[in-house]
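Protein chains in written order, with the working numbering: chain G, 267 to 630; chain V, 267 to 630; chain D, 267 to 630; chain R, 267 to 630. A virtual CB, placed ideally from N, CA and C, is assigned to each residue, including glycine. Take a look at the structure set out below.
Here is the structure:
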């Protein structure tokens with residue numbers, strides 16, 4: 267599995283299984299001089315912590331991060347930052363049963379096919395706990411972005427059939443409901459809808475939207491490493507995401523050029539009247555808000571009976587036990603922010619090398 | 267611009283501007299022993315050639331590829347394969363006007379912001395002609411995939427509001443209409459719709475769908491280099507693409523787990539009853555057909571008047587002249603296939619290193 | 267510092283400072299199915315452990331490795347393997363003095379210049395303890411090589427003016443003296459020489475030689491990623507190494523072609539009469555023993571007075587206190603083996619993709 | 267062969283065989299705004315051109331470079347720069363004989379072993395002509411370095427047993443003799459020595475030394491991507507190089523710490539009294555001159571009879587015909603400069619991301 271390293275200049279290497287000794291990440295390439303303490307990381311990890319309402323898993327995961335290297339007298343030194351969260355409750359007996367069959371919608375089958383066997387305890391490496399490393403590293407990226415005046419915000423745009431209404435949009439509301447929704451009325455309707463589905467032993471999907479404000483222009487590399495292409499990979503690399511769109515996205519496919527094109531105008535700087543591009547033109551940031559969406563599938567672990575195959579190639583009916591989230595969206599919001607921040611800081615660093623005049627000035 | 271190299275083991279390096287001397291690509295990491303001649307490449311380039319109907323640009327681009335290295339006595343040698351298409355008609359006078367303002371929906375503004383100036387002739391590096399290098403390299407990847415029994419097919423799923431009807435789906439029909447649509451009736455309706463929009467000096471968008479058959483299981487790396495994440499980056503890196511979804515995609519966000527999960531069953535092998543996953547579980551191929559979609563925006567170059575800003579920061583009205591495609595979809599179909607093939611062969615090569623027992627057997 | 271990740275397919279990410287909480291490494295891309303336990307790692311770490319004779323530092327570093335992930339039921343799973351060695355004795359008071367000046371021969375000055383400040387405790391990231399991560403990861407690479415029939419052996423070829431005599435060469439002797447020398451008589455003379463230098467509060471350098479037996483042919487990539495070029499980088503990346511040569515090395519520069527060329531002959535396979543090439547032709551392994559050498563400078567930390575500059579830009583005389591190794595060679599031997607193994611396994615994995623016929627056979 | 271791409275931010279992709287259609291390179295990641303024309307490249311290529319004296323091959327290689335992309339109105343645009351040198355005289359009949367056996371000291375055997383067959387015409391990809399791509403790309407890197415005040419100079423330090431005398435050192439002398447030696451008396455003695463060896467149908471080796479002046483401090487990444495480790499790989503990747511040493515190099519292995527350590531002193535800046543380190547401390551530039559050496563083996567193609575094996579596994583005697591250089595050193599000097607420049611510019615670009623305060627200032 268040569269796939270647990272992400273980034274080009276700001277590179278992270280994540281590790282850890284659901285029921286192993288711990289989960290962690292090493293950040294290689296973090297600039298020196300950033301103030302950093304464990305609380306800076308912990309506040310992001312707490313946002314993905316379960317057990318905060320009946321709509322997330324009732325497992326107790328009291329994930330406390332520890333910084334093992336790369337910080338000296340409160341500042342990053344430029345050397346690798348290693349962070350670890352030890353797994354405290356390893357109730358792997360819950361999972362012994364699933365060793366014997368392939369859970370629908372999970373990676374059990376493909377892991378076995380690729381590697382010959384798998385760590386079946388709680389999904390092993392394909393568990394949602396894998397994202398702890400991403401969020402811990404993302405917290406550092408977020409702090410770097412903040413120091414450059416950039417703000418990243420993700421939230422639930424929809425859960426099942428319930429969408430937010432932008433006329434009621436309030437980002438602060440996001441922290442007040444269990445669904446990370448910036449619209450309290452929509453959140454109330456989700457609560458009803460989800461409760462019903464939980465009674466049916468079923469789970470629900472949704473859409474996460476993410477905005478980036480304060481971006482400088484010109485970030486992203488033309489051709490293969492476009493800003494939007496890089497974000498797409500980042501977001502699709504999150505377990506349950508099945509789609510990505512930026513700006514008008516799939517709606518743009520139905521538009522005419524005269525509708526989709528964002529007109530430029532001058533008013534104390536060059537600006538755009540609309541933002542169908544979602545902040546990216548030709549793969550480079552255009553100074554507008556970046557806005558994109560991720561389609562998140564429903565939690566595959568459901569108690570409702572499903573058909574599958576066991577290790578003896580028999581067709582069997584199963585009901586997935588255990589304390590699973592009835593939806594992935596709320597806890598994935600902070601993961602979307604993390605992957606976005608990691609992607610942006612990497613492209614921002616790379617962009618420093620684009621122009622000779624600015625390089626000469628840098629070294630003067 | 268450190269963004270013109272793509273791939274990890276099968277790596278391509280593309281180059282060239284719309285109105286420079288030529289466009290090309292170097293392929294580093296192509297296995298030795300593949301039969302290869304220029305005709306293998308040319309047939310893919312011909313599929314993106316314009317001027318084949320009134321619905322694509324009337325520019326004559328007689329793009330003939332030349333292989334400069336890496337092939338000896340009809341076979342690839344394992345050394346880099348350099349390919350070039352010389353630009354024949356460089357009517358750059360058509361473009362002198364656009365040097366003075368920013369075309370809406372184009373990368374003119376962001377190129378200037380990133381690099382301080384731009385090659386304004388025909389879009390320079392951000393021209394659609396940049397994809398010639400991708401298609402030429404993709405043709406080699408396609409031939410490698412074929413030798414492994416894998417088939418990649420892209421086609422127009424919709425143009426503007428007109429969608430194909432899967433009950434009439436016929437992949438061979440794709441070559442019979444100017445829209446690369448596998449449904450002749452839908453194509454006829456697109457013809458009407460697009461003619462109307464062309465009269466209005468406007469352009470239209472659409473959706474490209476791509477299928478991959480014959481994939482082995484286990485391809486793709488868990489965590490960051492997932493099969494679907496890698497495809498998403500590949501597809502979003504194509505100029506006008508604004509969205510990507512795999513399997514049920516954005517529809518999955520509205521589903522319950524019991525609907526979205528694909529049940530496994532055994533029938534002379536482990537199979538799935540449905541394919542909402544689109545052939546990827548946990549970021550690895552599951553042996554089902556891979557199926558994904560790309561949202562393509564309308565051509566930004568339109569003759570219809572638009573507002574923008576010129577180099578003197580004045581708000582002006584412009585009408586883009588020149589022979590532009592009224593839609594991008596038909597000619598982008600082969601580019602989607604190319605980027606897909608490039609991504610798959612890279613992951614297929616990487617997967618060879620996943621299991622020690624198979625490595626030992628390889629070297630025995 | 268984006269420099270703590272090494273490798274392309276078998277990638278390691280090391281972290282940790284001399285006086286931080288610990289030192290560790292994450293291995294991404296280790297094939298699944300390798301039997302692995304902590305003892306496999308520990309035995310290599312023990313070879314770099316100090317305090318085993320009067321010729322290495324008298325610091326007590328009881329480095330015990332812990333595997334945190336990537337192993338399930340005694341076998342590697344294909345997921346990242348995280349290993350940590352916690353620092354037990356953090357006597358950082360020893361080092362408070364050196365915060366104020368630049369030690370000659372150390373990286374104090376360049377760290378300050380690059381990052382604006384440094385973790386001055388015991389050299390921080392540039393401490394010899396940084397190699398713990400390399401050795402732990404190298405132990406896994408060694409085990410993979412063994413399963414392919416490949417054996418790597420490094421040893422001290424010379425210390426100061428004392429060289430081994432190949433007529434007395436015995437690799438097992440290496441473990442019997444404090445200098446990792448495969449010649450007991452030479453070791454005895456080193457003991458005398460080094461004792462004298464220690465009395466003078468000085469330190470000594472030496473040459474490490476490394477051999478690789480059992481290599482298959484064709485490993486290494488022509489052009490930039492040659493076998494010898496890759497080894498050179500690996501070995502020069504070790505702190506105190508100032509030179510690298512393979513086969514005849516610098517002697518080849520004085521030879522004629524008729525002397526330097528290794529004649530081929532056939533005797534139940536194609537063989538070479540000599541090995542001035544050191545096992546690499548055109549950057550690819552030729553089936554002969556690989557043999558190369560590393561020049562290791564003397565320990566820069568010496569008690570003998572030296573001139574340097576302090577933070578107030580004053581010229582001062584200093585005497586480096588603390589328990590330092592009088593020579594680096596003996597403890598670096600296992601680091602050379604580790605870097606060699608890491609480099610070879612990476613190139614061996616990459617080589618699997620060189621020929622289409624073998625790829626097709628692999629996937630059949 | 268995934269080995270023809272070099273660099274991380276300033277990346278080059280070389281291609282071409284000795285007797286194919288041409289040789290070339292694509293540079294991805296060159297900053298925008300550098301004045302560049304073909305003459306800037308040609309002057310470096312001319313330095314490696316053969317046929318300038320009886321001591322280099324009498325082949326006529328009138329290598330004229332053409333820039334195909336990436337330059338607009340005399341300046342680099344930030345897009346990939348593609349350069350090509352077409353092969354004019356493809357006298358491949360000279361080489362038909364060598365298809366049948368393995369030339370000692372060449373890569374014929376290893377190419378066959380790795381890829382199953384080889385392009386036997388003139389060495390194919392392993393020909394010295396492969397370096398044309400390096401030199402063309404290196405010329406651009408040199409121009410970038412010059413704009414930062416950095417100067418790179420390589421020269422022959424020795425040929426066979428003849429060494430330069432530093433008391434007569436004159437870099438301008440380098441252009442006045444066929445050996446690129448900065449000492450006319452040594453050159454005269456080489457002339458005699460080499461003439462004798464040519465009469466004996468033999469070839470000679472030598473040592474190239476390279477200096478870098480004007481380097482800023484802090485360039486190079488600690489741990490794996492050290493300045494010296496990166497240079498070692500760059501230099502060993504050149505065909506005939508068998509050794510690399512920086513500063514005191516292998517001599518350091520015989521020194522005591524008190525001799526090898528370079529004392530710091532303050533005199534209008536922090537300086538060093540000696541330079542045994544060769545300008546690199548802890549893998550980062552220390553502001554002193556960088557100085558390193560490469561051991562170059564004798565040309566393996568000699569007319570003097572040698573033993574080898576043919577394709578029928580028979581032991582045969584061969585005499586290599588053709589117009590070969592009696593020594594590699596003089597023409598490799600500019601290749602050493604090129605690889606040095608490529609390596610330095612890459613590390614200089616990467617270093618821009620080391621400190622947060624400077625990043626914030628850059629984007630202000």
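Could you check if residue i is buried or exposed, using at least 16 other CB atoms within 10 Å of its CB as the buried criterion?
i: residue 353(D); result: buried
i: residue 520(D); result: buried
i: residue 322(R); result: buried
i: residue 511(G); result: buried
i: residue 501(D); result: buried
i: residue 487(R); result: buried
i: residue 577(D); result: exposed
i: residue 443(V); result: buried
i: residue 571(D); result: exposed
i: residue 307(G); result: buried
i: residue 365(D); result: exposed
i: residue 623(V); result: exposed
On the DSSP bridge assignment, give the partners of residue i in chain order.
i: residue 294(V); result: 277(V)
i: residue 597(D); result: Answer is none; residue 597(D) lacks a bridge partner.
i: residue 347(G); result: 293(G)
i: residue 332(V); result: 350(V)
i: residue 561(V); result: 473(V), 509(V)
i: residue 308(R); result: In the DSSP output, where bridge partners are listed per residue, residue 308(R) has none listed.
i: residue 301(R); result: 341(R)
i: residue 537(V); result: 531(V)
Could you tell me whether the Cβ of residue i comes closer than 8 angstroms to any Cβ of chain A?
i: residue 272(R); result: You won't find chain A in this structure, because its protein chains are G, V, D and R.
Contact set between the segment 517-540 of chain R and chain D, restricted to residues whose Cβ is under 7 angstroms from the partner: 518, 519, 520, 521, 522, 523, 524, 526, 527, 528, 529, 530, 531, 532, 536
Where the segment 595-620 of chain G meets chain R: residues whose CB sits under 8 angstroms from a CB there: Across the segment 595-620 of chain G, CB contacts with chain R closer than 8 angstroms involve 614, 615, 616, 618, 619, 620, in sequence order along the chain.
The segment 421-428 of chain D touching the segment 590-600 of chain D, judged by at least three CB pairs closer than 8 angstroms: With contact defined as three or more Cβ pairs closer than 8 angstroms, the segment 421-428 of chain D and the segment 590-600 of chain D are in contact.
Cβ contact check for the segment 276-292 of chain R and the segment 399-409 of chain R: 3 or more pairs under 8 angstroms: yes
The segment 520-532 of chain R contacting the segment 547-567 of chain D, beta-carbon criterion three pairs below 8 angstroms: The segment 520-532 of chain R, when compared against the segment 547-567 of chain D, does touch it at the 8 angstroms Cβ threshold.
Residues, ordered as in the chain, of the segment 364-380 of chain R that lie near chain V by beta-carbon distance below 9 angstroms: 377, 380
The segment 542-560 of chain R touching the segment 481-501 of chain R, judged by at least three CB pairs closer than 8 angstroms: yes
Those runs of the beta strand (DSSP E) which lie wholly inside the segment 368-432 of chain D and span at least 3 residues: Runs of beta strand (DSSP E) with 3 or more residues, each lying fully within the segment 368-432 of chain D, are found at 417-425, listed in chain order.
Under 8 angstroms (Cβ pairs) to chain R, residues found in the segment 469-489 of chain G: 482, 488
Segments assigned beta strand (DSSP E), at least 3 residues, entirely inside the segment 463-511 of chain G: 472-479
Members of the segment 286-319 of chain V near chain D, C-beta cut-off 8 angstroms: 295, 297, 298, 299, 300
Within 8 angstroms of chain D by C-beta, residues of the segment 401-424 of chain R in sequence order: 424
At least three beta-carbon pairs within less than 8 angstroms, the segment 536-544 of chain R to the segment 472-480 of chain R: no
Against chain D: residues of the segment 568-598 of chain R by CB proximity under 8 angstroms: Hits within the stretch, in order: 568, 570, 572, 573, 574, 575, 579, 580, 581.
Secondary structure, beta strand (DSSP E): runs of 3+ residues fully inside the segment 539-591 of chain D: 556-562, 572-575, 581-584
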